[in-house]
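Read the structure below first, then the notes.
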Amino acid sequence: MAKNLDDIRKKLNIENIDESEKKQLFQKFVDKGGKVIETEEEKKAKKLKKQPIIRQSKIYSSDPKNQANSEKYKKNNSSSQEKKASSEKKIMTKETIQQELKTTFFSKMGINLYSFFNKVTNINGHIFHPKFISTTTMDVYESLSELHRTAIILMKSKSLAEFDIRYYFFKKYPVFYEMLLRLNKMQSREIIDQIREKERTIPNGRLTSFDLEKEIIYLFKRFYIFLPYKKQISEAYREGFKIIEKKENLPPTLVESYMSKVREHVAFLFDKYIVKLFYAFLQVTKLNFKIDSREIPVFLEIQDRERIGGRISELEKEFLKEEEKIKEESKIKEDVSTEDKLKETEEKIQLPQETQKGLEIIENLDYNLLAADKNSPFIYYDKKDKVYRVAAILNFFEQEYSFAMTGNKIKYYMEHHEGMKFDPKKDLNEEYVEINTIMENIKEYSTHIKEISETENNNNIPAMQKHNLIHKATIQKAKISMSLRAKLGSTMNKVKMSLEKIRSDYHKFLADPESALRFNDNARKYRLEGKQTKEGLEEFYQFISAFHYLLTKGNLGGAGNVVR
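Next up, the structure:
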């Protein structure tokens, strides 16, 4: 058959016919009923192609035994996938990080080269460069100190000392408030002091990565916590200054001066220094982190509370607790105030009649007159200041009653009282000198009041210096107030005792008790004008008794600078 085919091919000269003629000739062959002769291999392949394909899933589903095998296959497959997933998702710990992120030869070389060229360490990464140490102990320390001082100015300002304003700031900008609070209490400067101490004590000041491991990790942790919020740090200060700028009338130039320094220090710390600190961190840990590695927070063991925003709920609770405490204290004060008024009224009822009459005189004084003159040293006083009240009462005493202790308007006799020689004129005159000494103390007190007022209104004094000056002057002022009121109370007691001796027998100690008191002053009218000498001394005694009571048991005595 094959031989016949070969003969036919030769006769038809098929080998020399082009492809298009071959196709036409083959088509005529088929049209006339010709068939293609297949080889045995082609027949087998064609037969196999026509057989239906039975899927494995159908075999398993139709046969219970195969179905069981299918379930087993699925289970094993699922188990292997879970094992693979669990192996991929390992629990990240500080220990696993230290194992997996160890520096290779080439990564260590890269870290060393960067550290060397940027003056962080020497070429082998073992010894810190003096430039990095000086930058840390001087420039970084200064920047942190400035941010700390400015945060204190804000958080300790008069405005934020008020609960309502502080709570408003927290509610409106909780993250900003927390950041300022953290900066106010930041202890990084103490760590830098430790670096200084080590530099001083280590020979040649050659600090190694081993020497500063704890300090570098601590510093980097603090900086790393703030790093995602570096842009918001300046905004936090800005919003804080907006509040006190309006409330305390700070000049815009002063605020801008503070803000300019804040922006400068933040840029230095979180744009420049943080990079050097990061490579110092890589050197002491000997690990190959990237600055955005998710392993860093785990390695540094940063807790949720340490993150910015981590204390907001805690601060909210503190504010609510403080608010509740203020309400309770306010209620207690109201109760105490009512109780004190009742007690004060009861004491007044039980007071001697002379003291009650003296209190009426003092209560009717116009305390505003003392500061009426614009050149008066008392113009800077709070009208409820105890020393201001004392000064006003002494001023009234000087105008209306001092003549009884000085001069010759009243003639006294030196006589014996209860077996002791008593010289009214001498004793009263000495007691008047004591009162004048206390007036000198009041002048000193007035100087401190004026200094505090002028310092508060002087915008050329830096806020931190202003705070310190006012604080010192306030402490000194409080000491003077307590001292002079105590001395005056003692002096008033002496005057009271002298007058009591005279009152025991006016005719014995006075030359003319019934003579009228006359004052040759047409400019004003004296309270005791025209009264008998003994009547004038009686009113003087009432005044002194009341003044002594106020200084020892009344509202002009005790702790505190202000009359409640």
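In this note's numbering, the protein residues as written are 156 to 719. Beta carbons are placed, not taken as given, at the ideal position from N, Cα and C, and that holds for glycine.
Can you check DSSP and say which residues form a bridge with Lys576?
-> His571
Starting from Asn267, trace the alpha helix (DSSP H) both ways and give me its first and last residue.
-> 260-272
To which residues of the same chain is Leu722 closer than 6 Å at the C-beta, ignoring the five residues directly before and after it?
-> Lying before the first or after the last residue shown, residue 722 is absent from the chain, which here runs from 156 to 719.
Can you say whether Ala316 is buried or exposed, counting buried as having 16 or more other CB atoms within 10 angstroms of its CB?
-> exposed
Report the option in Ile346, Gln631, Ser262, Ser314 whose CA atom is closest to the CA atom of Ser300.
-> Ile346
For my contact list, Glu405 and Ile399 are in at a C-beta cut-off of 8 Å; report their separation, rounded to the angstrom.
-> Looking at the sequence provided, one finds Leu at residue 405 rather than Glu. That pair is a contact at about 6 Å.
Spatial distance of Leu737 from Lys326 (CA atoms) | No information on residue 737 is available, as it lies outside the stretch 156 to 719 that the chain covers here.
Can you tell which of Ala435, Lys482, Met310 has the C-alpha that lies nearest to the C-alpha of Phe272?
-> Ala435
On the premise that Val545 lies in contact with Arg418, defined as a C-beta separation below 8 Å, what is that separation, rounded to the nearest angstrom?
-> Wrong, their Cβ atoms sit about 50 Å apart, outside the cutoff.
Apart from the five residues on each side of it in sequence, which residues of its chain come closer than 8 Å, Cβ to Cβ, to Ser217?
-> Any answer about Ser217 is weak, because its pLDDT of 44 lies below 50 and its placement is not dependable; what the coordinates show is given next. Here the set comprises nothing.
Excluding sequence positions up to five away, which residues of its chain have a Cβ less than 7 Å from the Cβ of Glu461?
-> Ile380
Is the number of C-beta pairs between the segment 690-705 and the segment 554-574 that are closer than 8 Å three or more?
-> yes
Tell me whether the beta-carbon of Thr725 lies closer than 9 Å to the beta-carbon of Lys431.
-> The question about residue 725 has no answer, for the chain in this structure spans 156 to 719.
Identify, in the order they occur along the chain, each residue of the same chain with its Cβ nearer than 6 Å to the Cβ of Lys686, setting aside the five sequence neighbours on each side.
-> Leu672
State yes or no: is the C-beta of Val542 within less than 9 Å of the C-beta of Tyr536?
-> yes
CA-CA distance, Gly713 and Tyr704?
-> 12 Å
Does the ligand FMN have even one heavy atom less than 8 Å from the beta-carbon of Ile699?
-> In the structure on display, the ligand FMN does not appear, and there are no ligands present to speak of.
For Thr440, count neighbouring Cβ atoms within 10 angstroms of its own Cβ and tell me buried if that reaches 16, exposed if not.
-> buried
Gln687 bridges to which residues according to DSSP?
-> Ala671
If you pair each beta-carbon of the segment 586-597 with each one of the segment 637-652, do three or more pairs fall below 8 Å?
-> yes
Collapsed DSSP secondary structure at Thr602 in the structure displayed | helix
Inspect the beta-carbon positions of Tyr332 and Leu475 and report whether they are closer than 9 Å.
-> no
Option nearest Lys311 by Cα separation, candidates Leu506, Pro668, His622 = His622
Inter-residue spacing [alpha-carbon to alpha-carbon] between Asp582 and Leu711 = 25 Å
Would a C-beta distance cut-off of 9 Å place Met647 and Phe702 closer than the cut-off?
-> yes
On the DSSP bridge assignment, give the partners of Lys581 in chain order.
-> Answer by DSSP bridge pairing: none, since Lys581 is not bridged.
Report all residues from its chain with a CB closer than 6 Å to the CB of Leu624; omit the five preceding and five following residues, and keep chain order.
-> Thr610
Whole-angstrom distance between Ile278 and Phe260, CA atom to CA atom | 14 Å
Going by CA-CA distance only, name the one from Pro285, His571, Ser389, Tyr296 that's closest to Arg355.
-> Pro285
Segments assigned alpha helix (DSSP H), at least 4 residues, entirely inside the segment 616-677 = 618-659, 661-664
May I ask which residues mark the beginning and end of the alpha helix (DSSP H) holding Glu354?
-> 343-356
Applying the criterion that 16 or more other CB atoms from any shown protein chain within 10 Å of the CB defines a buried residue, is Lys632 buried or exposed?
-> buried
Straight-line gap, Pro407 to Ala306 (C-alpha atoms, nearest Å) = 18 Å
Leaving out five residues before and five after Leu362 in sequence, what residues of the same chain have Cβ atoms less than 8 Å from its Cβ?
-> Ile282, Phe283, Ile288, Ile350, Lys353, Glu354
Below 8 Å CB to CB, which residues in the same chain sit around Ala559 once its five sequence neighbours on both sides are set aside?
-> Ile565, Leu583, Gly691, Leu692, Phe695
Can you round the beta-carbon distance between Glu553 and Arg682 to whole angstroms, since I take them to be within the 8 Å contact cut?
-> About 13 Å; that fails the 8 Å criterion.
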